[in-house]
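Colleague: If you count the sequence shown from 1, you need to add 517 to reach the numbering used here.
Yeah, the Cβ is synthetic: ideal placement off N, Cα and C, and Gly gets one too.
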Amino acid sequence: MTPEAVIRLARANPGTPVRLAIVGRTGRGEVRVKWEDGGLKFWLRPLRLWDGPKAEPEALRVMEPWRILEAWLEGEDGGAV
518 MTPEAVIRLA RANPGTPVRL AIVGRTGRGE VRVKWEDGGL KFWLRPLRLW DGPKAEPEAL
578 RVMEPWRILE AWLEGEDGGA V
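#1: Here's the rule I'm using: 16 or more other beta-carbon atoms within 10 Å means buried, otherwise exposed. How should A572 be labelled?
#2: Per DSSP, L538 forms a beta bridge with which residues?
#3: To the nearest angstrom, how far is the alpha carbon of P520 from that of L564?
#4: Taking the straight line between their C-alpha atoms, what separation do you get for K558 and R578?
#5: Would you kindly work out how many angstroms separate the C-alpha atoms of T543 and P531, rounded to a whole number?
#6: Which whole-angstrom value describes the C-beta separation of I524 and A576, a residue pair presumed to lie in contact below a C-beta threshold of 8 Å?
#7: For W560, which of P534, P582 and M580 has the nearest alpha-carbon?
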């Protein structure tokens with residue numbers, strides 16, 4: 518899945534977190550994002566808060582080094598997008 522597709526999914530479901538399974542610079546992991554207040558917010562797990570919102574060009578730069586394996590809406594049972 519591309520970063521652009523993640524942004525479209527988040528924008529189509531404003532306020533609903535989207536979980537991403539990614540491979541990034543530090544290895545494999547999971548990231549949460551959501552579309553809110555006109556931009557994409559990123560969940561900062563160590564700080565337990567949402568960072569952002571980031572405008573689409575900035576969000577794309579953040580996600581550029583990631584290989585997004587799958588994405589799903591939080592609270593959905595089962596299937597990844």
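Modeller: In brief:
#1: Working through the sequence shown from its first residue, we reach residue 572 at position 55. Label assigned to A572: exposed.
#2: The count along the sequence shown starts at 1 and reaches residue 538 at position 21. Contrary to the premise, residue 538 reads as Ala rather than Leu in this sequence. According to DSSP, which records beta bridges pairwise, A538 is partnered with E547 and E587.
#3: Against the sequence shown, residue 520 aligns to sequence position 3. Against the sequence shown, residue 564 aligns to sequence position 47. Roughly 24 Å separates the two Cα atoms.
#4: The residue you call residue 558 lines up with position 41 of the sequence shown. The residue you call residue 578 lines up with position 61 of the sequence shown. Straight-line Cα distance between these residues: approximately 13 Å.
#5: Stepping through the sequence shown from its first residue, residue 543 is reached at position 26. Stepping through the sequence shown from its first residue, residue 531 is reached at position 14. Their backbone Cα atoms lie some 29 Å apart in a straight line.
#6: As a position in the sequence shown, residue 524 is number 7, starting the count at 1. As a position in the sequence shown, residue 576 is number 59, starting the count at 1. Correct: roughly 6 Å between the Cβ atoms.
#7: Counted from its first residue, the sequence shown places residue 560 at position 43. Comparing Cα-Cα distances from W560 to each of P534, P582 and M580, the minimum goes to P534.
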